[in-house]
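Asker:
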Amino acid sequence: MFERVRDSYEFPTDLAEDAGDESGTAALRWTASVVALTAALLALFNAQSIRGWAEELPPGPGTIRVVAVAEAWDDTTRALGLGAGHARMRKAWKRVESARWTPQPAVVEEARR
């Protein structure tokens, strides 16, 4: 199949002739490390989203513990100032979102049927 694709399109990178098991393992390791790094950065700089997710979980015996841990983590990251960038970005986005880019009436008119 790759031969047909390779013949009909020019790839920006060369494909290995025989990927083999070693190449697949390396790709899986790279992907897993990118996912782990991304999750760690989100946990550090976006803890309020984890707290929001935990608070929306259905009630259950484990939910109370999950919510308590999420609240403690959010409070810790706030105390360290790690969520400040997210808060500034959200504030700026809300300011842009509320701006009127073209002259518009203050109240949205109902669609005529």
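Position 80 of the sequence shown, counted from 1, bears residue number 87 in my numbering, the numbering being contiguous throughout.
Glycine included, every Cβ here is placed at the ideal spot set by N, Cα and C.
1. Count the other CB atoms within 10 Å of the CB of threonine 84; is the residue buried (16 or more) or exposed (fewer)?
2. Only counting the same chain, and skipping five residues up and downstream in sequence, which positions put a Cβ closer than 8 angstroms to that of asparagine 53?
3. I'd like the list of long-range same chain contacts for aspartate 81, defined as Cβ closer than 6 angstroms, with 5 residues on each side in sequence excluded.
4. Just verifying my parser: in three-state terms, what is the DSSP assignment at glycine 90?
5. Does DSSP put glutamate 104 in a helix, a strand or coil?
6. Any idea if alanine 39 is buried or exposed, counting beta-carbon neighbours within 10 angstroms, 16 or more meaning buried?
7. In its own chain, which residues sit with a C-beta less than 8 angstroms from the C-beta of glutamate 62, not counting the 5 before and 5 after it?
8. Rounded to whole angstroms, what's the CA-CA distance from alanine 106 to glycine 67? Just pull it up for me.
Answerer: Based on what the coordinates show:
1. Translated into the one-based positions of the sequence shown, residue 84 becomes position 77. The residue in question, threonine 84, is buried, as its Cβ has 16 or more Cβ neighbours within 10 Å.
2. Looking up residue 53 in the sequence shown gives position 46. Same-chain partners within the cutoff: Gly90 and His93.
3. The residue given as residue 81 occupies position 74 in the sequence shown. Closer than 6 angstroms at Cβ, skipping near neighbours: Ala54, Gln55 and Arg58.
4. One-based indexing of the sequence shown puts residue 90 at position 83. Coil at glycine 90, not helix or strand.
5. For this step, residue 104 is matched to residue 97 along the sequence shown. Residue state, collapsed to three classes: helix.
6. By one-based count along the sequence shown, residue 39 stands at place 32. Under this definition alanine 39 is an exposed residue.
7. Sequence index remark: in the sequence shown, residue 62 carries index 55 (1-based). Excluding positions up to five away in sequence, the list reads Val74 and Ala77.
8. For the purposes of this step, residue 106 is taken as residue 99 along the sequence shown, with counting starting at 1. For the purposes of this step, residue 67 is taken as residue 60 along the sequence shown, with counting starting at 1. Roughly 42 angstroms between the two C-alpha positions.
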